[in-house]
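Chains as they are written, first to last, in the working numbering: chain A, 1 to 394; chain B, 395 to 788.
Quick reminder that beta carbons are idealized off the backbone N, C-alpha and C, glycines included.
Note that the coordinates shown come from a computational prediction; the quantities given were computed from them, not determined experimentally.
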C-alpha cells in the first residue's frame, strides 16, 4: 500500500490522531470532590489571588496551541481551517511524542490578521506557548510580530523552526568541508516565511554563538531573481532584508547568484536547478534543496558537483526537517519559564542540534526521531533563555 | 487532610489534570510519513474536496470545547479566565471519564459578548461541539442564542444541564409522592442562568414526553421576590418568561409563593428558608435546594415537613448534579451527528436519566458516577435528534 492510502486508512480508523486524556482518576465520590467541585474552588481561589500560580496548578505549564488559518498548508496552499486539521493534529502528535508537550490544534476560520491576533490573545490563558503554523507570507510576519509580547513564547515554526534546523545543518556542513561559517557565500531561493527567517538567522552564523556576526554574503532570491536594494517591486519585509544582505547590490537571476557561492538554500519550488548550475558554485559546495516533496534539484544530480546535499525528504541522506527543532525549542522555553523565544534561544538551539552528531558528508543532522535531540536542544534553549533574561519570575 | 488541601495537592503534583495524547504510534520513519508529511497531505486534500469528511478523518467527531470567560465560576463569581482553568479542566476530565469525549478548555480573556461569539465561531473547525460554561447571566443567554446555528451542538451547561437533571429529579420525585407532574405547583428561586432554563424546560414536564404541556403553575422568584407580568424592574429574559409562568399574576415574597406549592427548586443562595416555610407547602412537598455548597435549607430541616429533599451535595441523598446530564447529552449529540441540541433532546435526556433508577424517597436520581447513565442518556438523545430532524447528512 502506498503512503497516501496508508495515511488515509490510519486517519479513518482512528478518526484523527489526537485525544485528550485525564492525568487523574475519577472513580469515587471523593475523587470527584477533589478533581471537580467543591474542592476545585480552592484551586481557582488560589490562582485568583496569585495569578502566576496558574503555572503551578494547571495544564498551562505544559500546553502549546498549534494555531493556523489554513492559508499555506504544506505545499497545498490555502486549503482552509478544516482541511488543515490533519496536519495540525500531526504536529501536536510530534509535540507529544518527541517533547511530551500537550499541544492542541486551533484552526481558525477567518484569515483576517487582526481577528487572528485577537483570537490568539484571548484564548492564551490555558496555553503556555503558541506555535503558529502554515500561515501564508507575508501575513505571517505581521501576525507573529503582534503576538511577540503577550507574555508566553510565540513562534511561527515555518519561519524559525526551519531557520534553526538550516543553521544547524550549515554549521555541521561547513565543518565537514572545512570552511569558516562566517566566510560562506550563501544564496537563498524563496523569499517567503522560511526564506526570510533563514536569512535573518544566518546573519548570526558566526562560529562563536555568543557573537552575532553580520554576514554580508547572503543573497536572497525570489521568483523574479536576486533581491537587491532599489529593486522596484519589494514588499516591506524584503526591503528590510536588503539593508543587510546582498551588500554588493548584485542583480540578475538565481543562476547568476549561484556563481561563486558556497551554499545554496532552497525553500522554493521543484526542479529549478540542474548540475550545471551547481558547477558554477565554489568547490565543496553545500546544497540544501528543501522544496517538498520534490526538491529544487535531486541529490544525485547535485552531487555531481556539490560536496554535501540535504533535502526535506526522509528517503535521502541529510533530511533537513523542522521536527528536529520545534519540540526542543518549546520544551526548553516552557522549562525555562520563558516569556518569549528570542534570537539567542534560536541560535543556541541550532548549535545544540548541530552538536548531536559527529558530522559527515551524509550525516550533517541527526535522524528525525533521535531521542537525544530534544534533551540537548531544550537544555541549550533553557540556558539561553535564562542568560538572555527573558524568563518569568516564579 | 480536608478536601481543599487535597485538591490543591492533587493539582500541584500533576500540574493540572488534563493532557493531550496521541492515538497513533510514531516510532519509525514510516510512521512519521503516515502521521505527518508527506502522507498527511492526502488526508488534507480529501477534506478539502469533501468538507464533511472532516468528521471521518479528524478528531472533530469526538471533540468538545469547554468555553468560558470566567465571569461566573462556581460560586466564586467573576474570577477571570486564568482562575477558571482548574474548573474547566475538571469538566474536561468528566467529559473524558464519563463519556469518552475529548474535551479541551477554551478560557477566554475578554468578556465582550461579540468578541466571545466571534472567537467561538472562528475556532469551531476542530470541535464537534461547544459546551458553554460559567458565563454570567444574562450575558450567557445572548451568547448561546448567537451560537445555536453554527452547525455543531452548542449548549450552555449551567442552563440546560441543570434543567435536564432537575426535570429528571422531578419526574421521579412526583412518581414517589404519586402526584401528576402536570399538576405540580412549582416555585423556582433564582432567575439567573439555571433558574430561567429550568423554568423553560419544566414547561415541558408533561408525563408524555412527546407532548409539551405548558404548565401555568410555575412561579419564578428572584432576589426581589415573585416575578409577575408588569413588575417594573424585569430584564428582557424575565419579561419573556412571565408570559408563560405565574398566570395568576401573584405578587409577594418567595415565602408567599411557597404557600400551597408542591415543589421548591432553589438555584440561589444559602440559608434562605426554614422548616416553617416548608410547612406552608402542600403535603408531600418536594424540595430541591441546590445552592452550593450550602443549600437554601438543610435537608434535616426541610424533611420535617417535606417528603423528598435533594441538594447539590454529594454528602446527602438525592444529589442533583450536572454531571448526570452533560456527558450523555453531548455523547448522544456527537453520535447522532446532530447539528444542535434542541428541546426534544433535552427532554429525552431527562426521561432517560429518570429511567436509570427505581425511584425512592432517598434515591430519585442515580449516583453521579453510575456507569449506566451515559449509555442510557446518550441513546435517548441520539434517538430524539434523529426523530426531530437535526442530524447532519453523512
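Requested in this report: Could you pull out every unbroken alpha helix (DSSP H) segment of at least 4 residues lying fully inside the segment 159 to 240 of chain A, listed in chain order?
Outcome: 193 to 202
Report task. Would you please verify whether the beta carbon of residue 427 of chain B is less than 8 angstroms from any beta carbon of chain A? Result -> Mapped onto the second chain, residue 427 of chain B falls at position 33. It does: the Cβ of residue 427 of chain B has a partner Cβ on chain A nearer than 8 angstroms.
**Report entry** Beta-carbon neighbours of residue 434 of chain B, restricted to chain A and to distances below 7 angstroms
**Finding:** Your numbering for residue 434 of chain B matches position 40 in the second chain. Result: 7, 86, 87, 90.
Query raised in the report: Which chain A residues are close to residue 584 of chain B, counting only those with a beta carbon under 9 angstroms from its beta carbon?
Result: Working through the second chain from its first residue, we reach residue 584 of chain B at position 190. Under the 9 angstroms cutoff, chain A gives no residues; its nearest Cβ is about 17 angstroms from residue 584 of chain B.
Requested in this report: Please confirm whether residue 768 of chain B and residue 733 of chain B have their CB atoms less than 8 angstroms apart.
Outcome: One-based indexing of the second chain puts residue 768 of chain B at position 374. One-based indexing of the second chain puts residue 733 of chain B at position 339. Not a contact, by the Cβ cut-off of 8 angstroms.
Query - Endpoints, beta strand (DSSP E) assigned at residue 535 of chain B - result: Start at 1 with the first residue of the second chain, and residue 535 of chain B comes out as number 141. Looking at the DSSP string, residue 535 of chain B is not in any beta strand (DSSP E); the run it does join, the alpha helix (DSSP H), is 533 to 541.
Requested in this report: Decide if residue 208 of chain A is buried, meaning its Cβ has at least 16 other Cβ atoms within 10 Å, or exposed.
Outcome: Looking up residue 208 of chain A in the first chain gives position 208. The predicted model places residue 208 of chain A with a pLDDT of 48, which falls under 50 and marks its position as unreliable; any figure quoted below should be read in that light. Exposed, because fewer than 16 other Cβ atoms sit within 10 Å of the Cβ of residue 208 of chain A.
Query raised in the report: How about residue 361 of chain A and residue 166 of chain A: are their beta carbons less than 8 angstroms apart?
Result: Here residue 361 of chain A refers to the residue found at position 361 when the first chain is read from its first residue. Here residue 166 of chain A refers to the residue found at position 166 when the first chain is read from its first residue. Not a contact, by the Cβ cut-off of 8 angstroms.
Requested in this report: Using a cut-off of 7 angstroms between C-beta atoms, extract the partners of residue 476 of chain B located in chain A.
Outcome: As a working mapping, residue 476 of chain B is identified with position 82 in the second chain. Within 7 angstroms Cβ-Cβ: 47, 51, 54, 125.
Query raised in the report: Excluding sequence positions up to five away, which residues of its chain have a Cβ less than 6 angstroms from the Cβ of residue 624 of chain B?
Result: In the second chain, the residue the question calls residue 624 of chain B occupies position 230. Once the five neighbours on either side are set aside, residue 624 of chain B has no close Cβ partner at all.
Query - Cross-chain neighbours of residue 499 of chain B in chain A, by beta carbon under 7 angstroms - result: Within the second chain, numbered from 1, the residue matching residue 499 of chain B stands at position 105. Within chain A, the residues near residue 499 of chain B are 126.
Query raised in the report: Along chain B, which residues have their Cβ under 7 angstroms away from the Cβ of residue 97 of chain A?
Result: Locating residue 97 of chain A in the first chain gives position 97, counting from the first residue. What residue 97 of chain A touches in chain B: 416, 420.
**Report entry** chain A within 8 angstroms of residue 452 of chain B, Cβ atoms only
**Finding:** Residue mapping note: residue 452 of chain B aligns to position 58 of the second chain, counting from 1. Yes, its Cβ sits closer than 8 angstroms to a Cβ of chain A.
Report task. Can you pull the chain B residues whose beta carbon is under 7 angstroms from the beta carbon of residue 79 of chain A, in chain order? Result -> Counting from 1 along the first chain, the entry for residue 79 of chain A is found at position 79. The answer, in chain order, is 438, 442.
**Report entry** Start-to-end residues for the alpha helix (DSSP H) that takes in residue 408 of chain B
**Finding:** To locate residue 408 of chain B, count along the second chain from 1; it is residue 14. Residues 397 to 408.
Query raised in the report: To which residues of the same chain is residue 562 of chain B closer than 7 angstroms at the C-beta, ignoring the five residues directly before and after it?
Result: The sequence position of residue 562 of chain B within the second chain is 168, counting from 1. Within the same chain, residue 562 of chain B has close Cβ partners 744, 747, 748, 759.
Query raised in the report: Taking residue 270 of chain A as the reference, which of A:285, A:164, A:297 has the closest Cα?
Result: The count along the first chain starts at 1 and reaches residue 270 of chain A at position 270. Residue A:297 is the option with its Cα nearest to residue 270 of chain A.
Query raised in the report: Are the C-beta atoms of residue 225 of chain A and some chain B residue less than 8 angstroms apart?
Result: As a working note, residue 225 of chain A is residue 225 in the first chain. Judged by the 8 angstroms Cβ criterion, residue 225 of chain A is not in contact with chain B.
Query raised in the report: What first and last residue would you give for the alpha helix (DSSP H) that runs through residue 521 of chain B?
Result: Translated into the one-based positions of the second chain, residue 521 of chain B becomes position 127. No alpha helix (DSSP H) contains residue 521 of chain B, which DSSP labels as neither H nor E.
Query raised in the report: Taking 7 angstroms as the cut-off, is the CB of residue 168 of chain A close to at least one heavy atom of the ligand GTP?
Result: Looking for the ligand GTP in the displayed structure turns up nothing, as the structure carries no ligands at all.
Report task. Identify the continuous alpha helix (DSSP H) that holds residue 788 of chain B and give its terminal residues. Result -> For this step, residue 788 of chain B is matched to residue 394 along the second chain. Where residue 788 of chain B is concerned, there is no enclosing alpha helix (DSSP H), given that its DSSP letter is neither H nor E.
Query raised in the report: If you draw a straight line from the alpha carbon of residue 250 of chain A to that of residue 184 of chain A, how long is it in whole angstroms?
Result: The sequence position of residue 250 of chain A within the first chain is 250, counting from 1. The sequence position of residue 184 of chain A within the first chain is 184, counting from 1. So the two alpha carbons sit approximately 16 angstroms from each other.
Report task. Return no unless some Cβ of chain A is closer than 8 angstroms to the Cβ of residue 487 of chain B. Result -> Stepping through the second chain from its first residue, residue 487 of chain B is reached at position 93. Answer yes: the Cβ-Cβ gap between residue 487 of chain B and chain A drops below 8 angstroms somewhere.
Query raised in the report: Should residue 795 of chain B be flagged as near chain A, meaning a C-beta pair shorter than 8 angstroms?
Result: Look at the range of chain B in this structure, 395 to 788, and you will see that residue 795 of chain B is not part of it.
Requested in this report: Note down, in chain order, every chain A residue with its Cβ under 7 angstroms from the Cβ of residue 467 of chain B.
Outcome: Here residue 467 of chain B refers to the residue found at position 73 of the second chain. In chain order: 44.
Query raised in the report: Quick check: the segment 140 to 154 of chain A against the segment 532 to 552 of chain B, are there 3 or more CB pairs under 8 angstroms?
Result: no
Report task. Determine the DSSP secondary structure at residue 370 of chain A, reduced to helix, strand or coil. Result -> For the purposes of this step, residue 370 of chain A is identified with residue 370 of the first chain, where counting begins at 1. DSSP places residue 370 of chain A in coil when its eight states are reduced to three.
Query raised in the report: For residue 489 of chain B, which of helix, strand or coil comes out of DSSP?
Result: As a first step, residue 489 of chain B must be located in the second chain, where it is residue number 95. Residue 489 of chain B: helix per DSSP, three-state reduction.
Query raised in the report: Looking at the C-beta of residue 604 of chain B, does it have a partner C-beta in chain A at a distance below 8 angstroms?
Result: Locating residue 604 of chain B in the second chain gives position 210, counting from the first residue. In this predicted model, residue 604 of chain B has a pLDDT of only 49, less than 50, meaning its place in the structure is not dependable; the value taken from the coordinates is given anyway. Chain A, which has no Cβ nearer than 8 angstroms to the Cβ of residue 604 of chain B, makes this no.
**Report entry** Neighbourhood of residue 421 of chain B by C-beta, 7 angstroms cutoff - its chain only, sequence neighbours within 5 removed
**Finding:** On the second chain, residue 421 of chain B is found 27 positions in, with the first residue counted as 1. Here the set comprises nothing.
Report task. Could you name the residues of chain A that residue 502 of chain B contacts, counting a contact when the two beta carbons are closer than 7 angstroms? Result -> Taking the second chain and counting its residues from 1, the one referred to as residue 502 of chain B is at position 108. Under the 7 angstroms cutoff, chain A gives 122, 123.
Query - Amino acids of chain B, ordered along the chain, whose beta-carbon sits closer than 9 angstroms to that of residue 364 of chain A - result: Here residue 364 of chain A corresponds to residue number 364 of the first chain, with the count starting at 1. Under the 9 angstroms cutoff, chain B gives no residues; its nearest Cβ is about 17 angstroms from residue 364 of chain A.
Query raised in the report: If we cut at 8 angstroms on Cβ distances, does residue 219 of chain A have a partner in chain B?
Result: Locating residue 219 of chain A in the first chain gives position 219, where the first residue counts as 1. It does not: the Cβ of residue 219 of chain A has no partner Cβ on chain B nearer than 8 angstroms.
Query raised in the report: At a cut of 8 angstroms, does the segment 121 to 132 of chain A reach the segment 304 to 317 of chain A through at least three beta carbon pairs?
Result: Contact between the segment 121 to 132 of chain A and the segment 304 to 317 of chain A is not established, with fewer than three Cβ pairs separated by less than 8 angstroms.
Query raised in the report: What residue ranges within the segment 434 to 464 of chain B form continuous beta strand (DSSP E) runs of no fewer than 3 residues, ordered along the chain?
Result: For the segment 434 to 464 of chain B, whole beta strand (DSSP E) runs of length 3 or above, ordered along the chain, are 457 to 462.
Query raised in the report: Below 8 angstroms between beta carbons: does that hold for residue 672 of chain B and residue 123 of chain A?
Result: Within the second chain, residue 672 of chain B is the residue found at index 278, counting from 1. Within the first chain, residue 123 of chain A is the residue found at index 123, counting from 1. Contact flag unset, no.
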